[in-house]
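Numbering (my numbering), first residue to last: 222 to 352. Where a beta carbon is used, it is the ideal one built from N, C-alpha and C, also for glycine. For reference, the structure discussed in these notes is given below.
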């Protein structure tokens with residue numbers, strides 16, 4: 222019984238490490254894998270290199286990303302760090318592509334509009350002395 226008591230602190234440290242470090246990291250990896258699997262045309266993404274662009278074509282392991290007007294690059298799907306704006310699923314029609322571009326632009330403009338409201342509300346409360 223004395224030998225088991227000597228290993229008890231070591232076992233306790235392993236359990237703490239598992240719940241504080243290993244398990245949350247596995248959860249993040251699973252979420253990132255799902256994020257990569259759900260990338261579709263029209264999404265705004267950030268690559269691991271810090272390049273921001275809009276996905277124009279999705280293939281098995283590669284994405285074609287437009288990073289500036291008329292500038293398209295191929296990026297490995299695994300090198301995507303984050304998806305900034307998700308778009309609605311689009312079908313193959315040309316009119317739907319315009320709708321997807323408009324939806325992406327609206328999604329990108331929405332956070333800026335919310336930020337402006339927050340600034341205006343903060344300024345208003347500062348001037349009036351009320352929240």
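Paired residues, beta bridge with residue i - DSSP
i, result
"residue 303", "267"
"residue 297", "283"
"residue 275", "265 and 287"
"residue 292", "289"
Buried versus exposed, by CB contacts within 10 Å (16 or more), residue i
i, result
"residue 297", "exposed"
"residue 275", "buried"
"residue 286", "buried"
Coil, strand or helix - residue i by DSSP
i, result
"residue 234", "helix"
"residue 243", "helix"
"residue 255", "helix"
"residue 226", "helix"
Contact set for residue i: own chain, Cβ-Cβ below 6 Å, skip 5 residues either direction
i, result
"residue 295", "283 and 285"
"residue 300", "268 and 269"
"residue 278", "285"
"residue 303", "267"
"residue 281", "none"
Cβ-heavy atom distance, residue i to the ligand PLP, below 7 Å
i, result
"residue 249", "Annotation note on the ligand PLP: not contained in the displayed structure, which lists no ligands."
Own chain residues within Cβ distance below 7 Å of residue i, not counting five before or after
i, result
"residue 254", "none"
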